[in-house]
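*Asks:*
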Amino acid sequence: MALSEQSTADVRSELGKPFERLLEILGEVDDLGKAGAVLQWDHQTYMPKGGAAGRAQILGTLARLSHQRFTSDEVGELLAQLAPALSKLDPSGFEASLIRVTQREYGRFKKLPTRLVEEQARVSSEAQAVWVEARQNQDFPRFQPYLEKLFALAREAAEHLGYQEDPYDALLDLYEPGLRTSEVASLFATLKARLVPLVNAITEAKQHRSPGGQAGKAGEAGEAGGDSLLRQHFDEAGQWELGLRALRAMGFDFERGRQDRSAHPFTITLAPGDIRITTRIVPDDFTSALFSTMHEGGHALYEQGIPPELARTPLGSAASLGVHESQSRLWENVVGRSRHFWQYFLPQAQEIFPAQLGGVTVDRIYRAVNRVERSFIRTEADEVTYNLHVILRFELELAVLHGELPVSDLPAAWDDKMQQYLGIRPPNVSLGVLQDIHWSQGSIGYFPTYTLGNVLSVQFWQQALSEEPGITDAIARGELHVLKDWLNRRVHVHGAKFEPRDLVQRVTGRPLDPQPYLNYIETKYRELYGLGS
398 MALSEQSTAD VRSELGKPFE RLLEILGEVD DLGKAGAVLQ WDHQTYMPKG GAAGRAQILG
458 TLARLSHQRF TSDEVGELLA QLAPALSKLD PSGFEASLIR VTQREYGRFK KLPTRLVEEQ
518 ARVSSEAQAV WVEARQNQDF PRFQPYLEKL FALAREAAEH LGYQEDPYDA LLDLYEPGLR
578 TSEVASLFAT LKARLVPLVN AITEAKQHRS PGGQAGKAGE AGEAGGDSLL RQHFDEAGQW
638 ELGLRALRAM GFDFERGRQD RSAHPFTITL APGDIRITTR IVPDDFTSAL FSTMHEGGHA
698 LYEQGIPPEL ARTPLGSAAS LGVHESQSRL WENVVGRSRH FWQYFLPQAQ EIFPAQLGGV
758 TVDRIYRAVN RVERSFIRTE ADEVTYNLHV ILRFELELAV LHGELPVSDL PAAWDDKMQQ
818 YLGIRPPNVS LGVLQDIHWS QGSIGYFPTY TLGNVLSVQF WQQALSEEPG ITDAIARGEL
878 HVLKDWLNRR VHVHGAKFEP RDLVQRVTGR PLDPQPYLNY IETKYRELYG LGS
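The number in the numbering used here is simply the position in the sequence shown, starting from 1, with 397 added.
1) Let me know if Pro-705 comes out buried or exposed under the rule of 16 or more other beta-carbons within 10 Å of its beta-carbon.
2) Do Gly-839 and Leu-495 have their beta-carbon atoms positioned less than 7 Å apart in this structure?
3) Rounded to whole angstroms, what's the CA-CA distance from Glu-896 to Ala-715? Just pull it up for me.
4) For the 8 Å Cβ check, are there 3 or more pairs between the stretch 489–507 and the stretch 698–713?
5) Suppose only complete runs of 3+ residues qualify. What are the beta strand (DSSP E) ranges in the stretch 788–813, listed by chain order?
6) Applying the criterion that 16 or more other CB atoms from any shown protein chain within 10 Å of the CB defines a buried residue, is Lys-894 buried or exposed?
7) Whole angstroms are fine: how far does the CA of Arg-673 sit from the CA of Ser-445?
8) DSSP on Ala-708, reduced to helix/strand/coil?
9) Using CA atoms only, rank isn't needed, just tell me which of Val-826, Leu-802, His-889 and Ala-586 is closest to Gln-912.
10) Where Gly-927 and Lys-603 are concerned, what is the direct C-alpha to C-alpha distance, given to the nearest angstrom?
11) Evaluate Pro-711 with the Cβ neighbour count: other Cβ atoms within 10 Å of its Cβ, from every protein chain shown; 16 or more gives buried, anything less gives exposed.
12) Can you round the beta-carbon distance between Pro-564 and Leu-798 to whole angstroms, since I take them to be within the 8 Å contact cut?
13) Using CA atoms only, rank isn't needed, just tell me which of Ala-746, Gly-430 and Ala-554 is closest to Val-667.
14) According to DSSP, is Leu-667 helix, strand or coil?
15) Just reading off the alpha helix (DSSP H) that Arg-658 is part of, what are its end residues?
16) Please classify Glu-556: is it buried, with 16 or more other beta-carbons within 10 angstroms of its beta-carbon, or exposed?
17) When the Cα atoms are used, what is the spatial distance from Tyr-543 to Gly-413?
18) Within 10 angstroms of the Cβ of Pro-608, are there 16 or more other Cβ atoms? Answer buried if so, exposed if not.
19) Expressed to the nearest angstrom, what Euclidean distance is found between the alpha-carbon atoms of Leu-828 and Ala-646?
20) Grouping DSSP H, G and I as helix and E and B as strand, with all else coil, what is Thr-675?
21) Counting along the chain, where does the alpha helix (DSSP H) carrying Leu-880 start and finish?
22) By how many angstroms is the C-alpha of Asn-767 removed from the C-alpha of Gly-616?
23) Measure how close the beta-carbons of Arg-642 and Gln-745 come, nearest whole angstrom, since I'm counting them as under 8 Å.
24) In whole angstroms, give me the CA-to-CA distance for Ser-689 and Gln-629.
25) Looking only at its chain, what residues have a beta carbon closer than 8 Å to the beta carbon of Glu-417, apart from the 5 residues adjacent to it on each side?
26) Terminal residues of the continuous alpha helix (DSSP H) containing Ile-872?
27) Taking three-plus beta-carbon pairs below 8 Å as touching, is the stretch 462–473 in contact with the stretch 854–864?
28) Going by Cα to Cα distance, which pick from Pro-824, Val-901, His-737 and His-889 is closest to Ser-772?
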C-alpha cells in the first residue's frame with residue numbers, strides 16, 4: 398500500500414524516528430525565531446531608546462543560534478534519510494510538503510555563513526534606531542553608512558546564495574520563492590505603461606472637474622469636497638475605536654491578537670495564538686489609521702487562519718510575502734475603498750464622529766476615500782499611484798546592488814524618479830528616501846512583493862466572486878466573515894505548503910496575471926473621474 402493511501406499515523410510510522418526528530422529540531426528553530434519576534438515587536442513599540450545597542454546584540458545571538466540549529470549536519474542527514482520517501486507520499490500532504498519545503502530552505506540557508514546571518518541581524522537592529530533618528534531630523538548622512546553596510550551585506554548574501562541571471566534574484570527569492578528579477582521587471586513595465594498615462598489623465602481631469610465629471614465645490618460630492626471632508630480633526634480615541642470596529646467586522650480574533658501603535662505599522666506573529674498588529678494615527682484624516690488597520694488586519698487574518706497543526710514548522714507561515722500582501726491589500730483597498738463596504742461602515746463612522754461626518758452620503762465618502770493625489774508617502778498613496786512608488790524603489794535597489802548607483806546618491810536619484818513617475822519632488826529626505834523602515838531592516842528585495850500583492854488581491858477577489866457571488870451584498874450588510882471564510886478555506890489553510898506560483902494556480906486556476914488588476918483600476922477610476930474608455 399502506498400504511503401499516500403495511509404492514515405497520518407501510518408505515514409508517520411513509516412517515516413519513523415528521522416521524521417519525528419526533524420519535527421523536534423524545526424520546532425526549536427521556530428521557537429528561537431518567535432523569541433526574536435517578541436524582541437522585534439518590543440523594539441518598534443515600547444523599547445526605550447537606550448536599549449537599541451543591547452537589543453541588537455541579543456537579536457544577533459538569536460539569529461546565530463537559529464541558523465546554526467537549522468543548518469546543522471544533523472538536519473542534512475535527516476533530510477537525506479527522508480528523501481527516498483518523497484516519491485511515495487501525497488505531494489500535497491503535510492509530510493511531503495514539510496520535507497520538500499525544509500529541503501529548499503535548508504539548501505538555501507546552508508549556503509549562508511553563520512557570521513553573515515548574525516551580522517545582518519545585528520547591523521539591521523542598530524540601523525533601525527538610527528533610521529528613526531535620521532528620519533526625524535531629515536539627516537540622510539547620519540543613516541548613510543548603515544545603509545551602505547546593509548547593501549554590502551545583501552550583496553554578499555546574494556553571492557553566497559547563488560543566482561542564474563541577477564544577484565537580485567537571490568534576494569527576491571527570500572521573499573517570493575521562485576520569482577526572477579526579469580519577471581518582476583516585465584510585470585512592472587506592463588503596469589507602468591498603463592498607470593503613468595492614467596495618473597496623467599486624472600491629473601488633467603482634476604483641473605477641470607471632480608470625480609464623475611461634476612464641477613465640484615468644497616463640501617459637495619466631488620473630490621474637492623471629499624478632500625475637505627477628510628481634512629478635519631478626528632480625535633485619537635475615536636479613531637482607535639473605529640479601527641477596532643473594523644477589525645471585529647473583519648473577523649480578527651482578539652483572543653489571539655492585539656493592536657498597538659508604532660511609527661511604521663506592521664504585523665508580527667509571536668506565537669500561533671498571539672498575532673500582533675500596530676497602526677499609526679493621523680489627527681486630521683481618520684482614513685489613514687483606518688486603512689492602515691485594515692491592511693494590517695488582512696495580514697493578521699492570514700496568520701490567524703493558518704492551521705495550528707502547521708505550527709512550529711516551516712509550513713506554519715504564508716506562502717510568500719506577495720501572497721501575504723494580497724491579503725492586506727484586498728482588505729484595505731478592494732474591500733475598504735468599495736462602495737458596498739461604506740454602505741455598512743459609514744453609520745459606524747458617523748456614530749463616532751457625528752460632527753464631522755453627520756449627513757455625509759455613501760457616495761461622498763466613496764469618492765473621498767478614492768481620491769487620486771500624487772503624494773510623497775507610499776503608505777498613504779492611492780490605488781492608482783501606489784505601484785509607481787514601489788517600482789521606483791525596485792529600480793533603485795537594482796541600481797545600488799549592481800554598483801551603478803552609490804548609496805550617497807540615493808536621495809537625488811529618488812527625487813528624480815518621483816519627478817519622472819509622479820511629477821512631484823519631495824521637499825526633504827524624510828518625505829523621500831528615508832520614509833520607509835525596510836532598508837534599515839536589511840529588507841532588500843522586499844518592495845516588489847507589495848505590487849505583487851496588489852495584482853494578486855484582485856485575482857483572488859475575482860475568484861472569490863465567481864465562487865461566492867453574494868460576497869459584495871454580504872459586505873454591504875456587515876457580513877465580512879463571508880469573504881474571510883472563503884480566504885480561510887482557499888488560501889490560508891495551505892500555509893507555506895506550496896510555492897506562490899503553485900498556490901495561485903491552485904486557487905484561481907491560472908498564473909499571476911496583471912490584466913484583471915489593471916482592468917479593475919482603469920474601470921473604477923475612469924468612472925470616478927469621468928474619463929473616456
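Beta carbons: idealized from backbone N, C-alpha and C, even for Gly.
*Replies:* On the basis of the coordinates in this document:
1) For the purposes of this step, residue 705 is taken as the residue at position 308 of the sequence shown. Pro-705 is exposed by the Cβ-count criterion.
2) On the sequence shown, residue 495 is found 98 positions in, with the first residue counted as 1. On the sequence shown, residue 839 is found 442 positions in, with the first residue counted as 1. In this structure, Gly-839 does not lie closer than 7 Å to Leu-495 by Cβ.
3) Indexing the sequence shown from 1 puts residue 896 at position 499. Indexing the sequence shown from 1 puts residue 715 at position 318. The alpha-carbon atoms of Glu-896 and Ala-715 are separated by roughly 10 Å.
4) yes
5) none
6) In the sequence shown, residue 894 corresponds to position 497, counting from 1. By the 10 Å Cβ count, Lys-894 comes out buried.
7) Walking along the sequence shown from the start, residue 445 turns up at place 48. Walking along the sequence shown from the start, residue 673 turns up at place 276. Residue identity check: residue 445 is Pro in the sequence provided, not Ser. Distance between the alpha carbons of Pro-445 and Arg-673 is about 19 Å.
8) Counting from 1 along the sequence shown, the entry for residue 708 is found at position 311. Coil at Ala-708, not helix or strand.
9) As a position in the sequence shown, residue 912 is number 515, starting the count at 1. Comparing Cα positions, the closest option is Ala-586.
10) Residue numbering aside, residue 927 sits at position 530 when the sequence shown is read from its first letter. Residue numbering aside, residue 603 sits at position 206 when the sequence shown is read from its first letter. Distance between the alpha carbons of Gly-927 and Lys-603: 10 Å.
11) Stepping through the sequence shown from its first residue, residue 711 is reached at position 314. Per the 10 Å Cβ criterion, buried.
12) Taking the sequence shown and counting its residues from 1, one reaches residue 564 at position 167. Taking the sequence shown and counting its residues from 1, one reaches residue 798 at position 401. Rounded, the Cβ-Cβ distance is 6 Å, consistent with contact.
13) Along the sequence shown, one-based indexing puts residue 667 at 270. As written in the sequence, residue 667 is Leu, which differs from the Val given in the question. Nearest C-alpha to Leu-667: Gly-430.
14) Indexing the sequence shown from 1 puts residue 667 at position 270. Of the three classes helix, strand and coil, the one that applies to Leu-667 here is strand, per DSSP.
15) The count along the sequence shown starts at 1 and reaches residue 658 at position 261. Element bounds for Arg-658: not the alpha helix (DSSP H) but the beta strand (DSSP E), 654–658.
16) Your numbering for residue 556 matches position 159 in the sequence shown. By the neighbour-count rule (16 or more Cβ atoms within 10 Å), Glu-556 is not buried but exposed.
17) Start at 1 with the first residue of the sequence shown, and residue 543 comes out as number 146. Start at 1 with the first residue of the sequence shown, and residue 413 comes out as number 16. Going by the C-alpha atoms only, they are around 48 Å apart.
18) Taking the sequence shown and counting its residues from 1, one reaches residue 608 at position 211. In this prediction, Pro-608 scores a pLDDT of 48, lower than 50, which makes its location untrustworthy; the coordinate-derived value is nonetheless stated afterwards. Buried, since its Cβ has 16 or more Cβ neighbours within 10 Å.
19) Position 431 of the sequence shown holds residue 828. Position 249 of the sequence shown holds residue 646. Cα to Cα, the separation comes out at about 33 Å.
20) If you number the sequence shown from 1, residue 675 lands on position 278. Thr-675 falls in the strand class under three-state DSSP.
21) Counted from its first residue, the sequence shown places residue 880 at position 483. Counting along the chain, the alpha helix (DSSP H) containing Leu-880 begins and ends at 878–887.
22) Locating residue 616 in the sequence shown gives position 219, where the first residue counts as 1. Locating residue 767 in the sequence shown gives position 370, where the first residue counts as 1. Residue placement at Gly-616 is flagged as unreliable, the pLDDT there being 32, under the threshold of 50; a coordinate-derived value is accordingly withheld.
23) Working through the sequence shown from its first residue, we reach residue 642 at position 245. Working through the sequence shown from its first residue, we reach residue 745 at position 348. Correct: roughly 5 Å between the Cβ atoms.
24) Counted from its first residue, the sequence shown places residue 689 at position 292. Counted from its first residue, the sequence shown places residue 629 at position 232. Near 18 Å, if we compare the C-alpha coordinates of Gln-629 and Ser-689.
25) In the sequence shown, residue 417 corresponds to position 20, counting from 1. Here the set comprises Arg-409.
26) Reading the sequence shown from its first residue, position 475 is the one you call residue 872. Its alpha helix (DSSP H) spans residues 868–873.
27) no
28) The residue given as residue 772 occupies position 375 in the sequence shown. Closest by alpha carbon: Pro-824.
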